[in-house]
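Reading through the structure tokens given below for one structure.
Numbering (full-length UniProt numbering), first residue to last: 1 to 125.
Right under this line is the structure:
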């Protein structure tokens, strides 16, 4: 797949609790020319990293369900830093909290083309 120019060099914070999914996502993103600045697997880890990564990331990919815990506190922390994000979930948009009606949703399982489209939506605002 040809890398869309608006995504080249995109710096991302990835929050995903499943190690294999995180590894595959990181590889997909790197293949697309993006840079994964940091990875977190729990809400606690992600919240600890938000302050550090905020100046260095352009956007974030958030798995909604992290070991039974919802990622929404991380979304709120990112929003406070004006960092756009998308939600990755197997439940689709209907599985999101009502506080995020206009958020970009990447439905799992996803392929490279849907990942690219979701990231382009996040970049467009």
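The beta-carbon is built from N, C-alpha and C at its ideal position, and this holds for glycine as well.
What you are looking at is a predicted structure, and each value in this text was computed from that prediction instead of being measured.
Three-state secondary structure (DSSP) of residue i
{"i": "residue 89", "result": "strand"}
{"i": "residue 12", "result": "strand"}
{"i": "residue 18", "result": "coil"}
Minimum Cβ-Cβ distance from residue i to chain D less than 8 Å
{"i": "residue 27", "result": "The structure shown contains no chain D; it holds only a single protein chain."}
Nearest residue (CA-CA) to residue i, options the options
{"i": "residue 67", "options": "57, 42, 91, 61", "result": "42"}
{"i": "residue 125", "options": "79, 32, 114, 96", "result": "79"}
{"i": "residue 61", "options": "72, 99, 52", "result": "72"}
{"i": "residue 55", "options": "81, 47, 107", "result": "81"}
{"i": "residue 101", "options": "115, 93, 107", "result": "93"}
{"i": "residue 74", "options": "8, 14, 9", "result": "14"}
{"i": "residue 99", "options": "76, 109, 111", "result": "76"}
{"i": "residue 97", "options": "30, 58, 70", "result": "70"}
Cβ distance (whole Å) where residue i is taken to contact residue j below 8 Å
{"i": "residue 34", "j": "residue 12", "result": "6 Å"}
{"i": "residue 63", "j": "residue 16", "result": "4 Å"}
{"i": "residue 57", "j": "residue 37", "result": "5 Å"}
TODO: Mind listing, in chain order, the continuous alpha helix (DSSP H) runs of no fewer than 4 residues lying wholly within the region 28 to 112?
DONE: 43 to 53, 72 to 80
Open item on the list: Under 8 Å: do the region 82 to 94 and the region 115 to 125 share three or more Cβ pairs, one atom per stretch?
Closed with: yes
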